[in-house]
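Here is the structure we will look at, set down as structure tokens.
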Amino acid sequence: MTELVHTRAELAAARAGLTGTVGVVMTMGALHAGHETLLRAARKQADQVIVTIFVNPLQFGPNEDFDRYPRTLDADLEVCRRAGADVVFAPSVAEMYPDGQPRVRIDPGPLGADLEGQSRPGFFHGVLTVVLKLLQLTRPDLAFFGEKDYQQLTLVRRMARDLDVPVEVVGVPTVREPDGLALSSRNRYLSPVEREAALSLSAALRAGAEAADAGRDAGGVLAAAHAAFGAGAPGAQLDYLVLTDPDLEPGPVAGPARLLVAAWVGTTRLIDNAAIRLAPRS
Ligand code: PAF
Numbered sequence: 536m537t538e539l540v541h542t543r544a545e546l547a548a549a550r551a552g553l554t555g556t557v558g559v560v561m562t563m564g565a566l567h568a569g570h571e572t573l574l575r576a577a578r579k580q581a582d583q584v585i586v587t588i589f590v591n592p593l594q595f596g597p598n599e600d601f602d603r604y605p606r607t608l609d610a611d612l613e614v615c616r617r618a619g620a621d622v623v624f625a626p627s628v629a630e631m632y633p634d635g636q637p638r639v640r641i642d643p644g645p646l647g648a649d650l651e652g653q654s655r656p657g658f659f660h661g662v663l664t665v666v667l668k669l670l671q672l673t674r675p676d677l678a679f680f681g682e683k684d685y686q687q688l689t690l691v692r693r694m695a696r697d698l699d700v701p702v703e704v705v706g707v708p709t710v711r712e713p714d715g716l717a718l719s720s721r722n723r724y725l726s727p728v729e730r731e732a733a734l735s736l737s738a739a740l741r742a743g744a745e746a747a748d749a750g751r752d753a754g755g756v757l758a759a760a761h762a763a764f765g766a767g768a769p770g771a772q773l774d775y776l777v778l779t780d781p782d783l784e785p786g787p788v789a790g791p792a793r794l795l796v797a798a799w800v801g802t803t804r805l806i807d808n809a810a811i812r813l814a815p816r817s
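Residue numbers for the sequence shown follow our numbering, so the first one is 536 and each next one is one higher.
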């Protein structure tokens, strides 16, 4: 049985009834197979699972898609039931921020101003603030986040470590369409032509990973990824394509690394990333 609650008081009552290890999956709704994978990972690793569904206004810029972001609660509940969630917390904005926008926010530090933070100022302040608030409200042992939003996952991990938040942050691999497109709630904005152009992102990552497997160095990996991005269907505007270490620190020269890409396809911003391994330097 999945219990739906809308207020913090109802959540506190439902949370008090949960036993064993508790996992949380935080979402903004519009659930797809990627979220379902998160839920199933939580189901497997925790005794009880809470899902939060909240389109957080703090993490949207003034010209972003807060108003048109898909809100599909009935369908989302169906996914939560199917995946065996115990509690779904779907608060209103007024319930989450009763005094209006919070004056105190979490500062994501320098990493929050890089990559996504460069194009979306204030984005990670909004994300980390709501994530910390939801962690306080749900008090989970485990919190599951998709690797698709790799910078978010990294910053949530950092926040938990730096601020001694008593939760284990678990990263869950990205789910892809058979042609490579990473699942995202924003894919539903894409026209068929834009969807074709969106494949440039995963093609770039694939080419970068293949170049790394073939023993190319960081420069060669980036060159292969750029070439594949450019060879895709027209319509994707590259924002960044970077190679970092697994913690998003700059410049790996060898060993485990992360290749990250962001691009605009029409008015839709898409991101993707992949783990790669660079050959040891000879
Ligand atoms: O990844 C998301 O859907 C959101 O950024 C999150 C973590 C639910 C916070 O609003």
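Backbone N, C-alpha and C define an ideal beta-carbon position, used for all residues, glycine too.
- request: Classify R793 as buried or exposed, calling it buried when 16 or more other Cβ atoms lie within 10 Å of its own Cβ.
  value: For the purposes of this step, residue 793 is identified with residue 258 of the sequence shown, where counting begins at 1. With 16 or more Cβ atoms within 10 Å of its Cβ, R793 is classed as buried.
query: Applying the criterion that 16 or more other CB atoms from any shown protein chain within 10 Å of the CB defines a buried residue, is V702 buried or exposed?
result: Within the sequence shown, the letter at position 167 stands for residue 702. Buried.
query: How long is the line joining the alpha carbons of E712 and A549, rounded to whole angstroms?
result: Along the sequence shown, one-based indexing puts residue 712 at 177. Along the sequence shown, one-based indexing puts residue 549 at 14. When only Cα atoms are considered, E712 and A549 end up about 35 Å apart.
message: Less than 9 Å between the beta carbons of D591 and V665, yes or no?
response: Translated into the one-based positions of the sequence shown, residue 591 becomes position 56. Translated into the one-based positions of the sequence shown, residue 665 becomes position 130. One detail in the question is off: residue 591 reads as Asn in this sequence, not Asp. Note that the C-beta distance between N591 and V665 is below 9 Å.
query: Out of R812, R816, I806, L813, which has the shortest C-alpha to C-alpha gap to G652?
result: Counting from one through the sequence shown, the residue named residue 652 turns up at place 117. For G652, the closest of R812, R816, I806, L813 by C-alpha to C-alpha distance is I806.
message: Rounded to the nearest angstrom, what separates V586 and V704 at their Cα positions?
response: In the sequence shown, the residue the question calls residue 586 occupies position 51. In the sequence shown, the residue the question calls residue 704 occupies position 169. Taking the CA atoms as reference points, V586 sits about 15 Å from V704.
query: Hey, L539 and V560 are a contact pair by Cβ (cut 8 Å); roughly how many whole angstroms apart?
result: As a position in the sequence shown, residue 539 is number 4, starting the count at 1. As a position in the sequence shown, residue 560 is number 25, starting the count at 1. About 15 Å; that fails the 8 Å criterion.
field: Assigned secondary structure, T607 (DSSP; H/G/I helix, E/B strand, else coil)
entry: By one-based count along the sequence shown, residue 607 stands at place 72. DSSP places T607 in coil when its eight states are reduced to three.
- prompt: What is the DSSP secondary structure of G681, reduced to helix, strand or coil?
  reply: Along the sequence shown, one-based indexing puts residue 681 at 146. In the structure shown, G681 sits in a strand (DSSP, three-state: E or B).
message: Which of the three DSSP states is assigned to T556 in this structure?
response: By one-based count along the sequence shown, residue 556 stands at place 21. Here T556 sits in coil by DSSP.
- prompt: So who's on the other strand from T779, going by DSSP bridges?
  reply: On the sequence shown, residue 779 is found 244 positions in, with the first residue counted as 1. For T779, the beta-bridge partners assigned by DSSP are P785, R793.
- prompt: Around the Cβ of T673, are there at least 16 other Cβ atoms within 10 angstroms (buried) or fewer (exposed)?
  reply: Residue 673 sits at position 138 when you count from the first residue of the sequence shown. By the neighbour-count criterion, in which 16 or more other beta carbons inside 10 Å mark a residue as buried, T673 falls on the buried side.
task: Examine the Cβ distances between the region 564-584 and the region 630-640 and report whether three or more of them are shorter than 8 Å.
output: No, they do not touch.
- request: Taking the CB atoms as reference points, tell me whether A768 and V756 lie closer together than 9 Å.
  value: Locating residue 768 in the sequence shown gives position 233, where the first residue counts as 1. Locating residue 756 in the sequence shown gives position 221, where the first residue counts as 1. For A768 and V756, no; Cβs fall outside 9 Å.
query: Under the three-state reduction of DSSP, which class applies to T562: helix, strand or coil?
result: Sequence index remark: in the sequence shown, residue 562 carries index 27 (1-based). Strand at T562.
- prompt: From V639 to A766, what does the alpha carbon distance come to, in whole angstroms?
  reply: As a working mapping, residue 639 is identified with position 104 in the sequence shown. As a working mapping, residue 766 is identified with position 231 in the sequence shown. Within the model, the alpha-carbon separation for V639 versus A766 is close to 45 Å.
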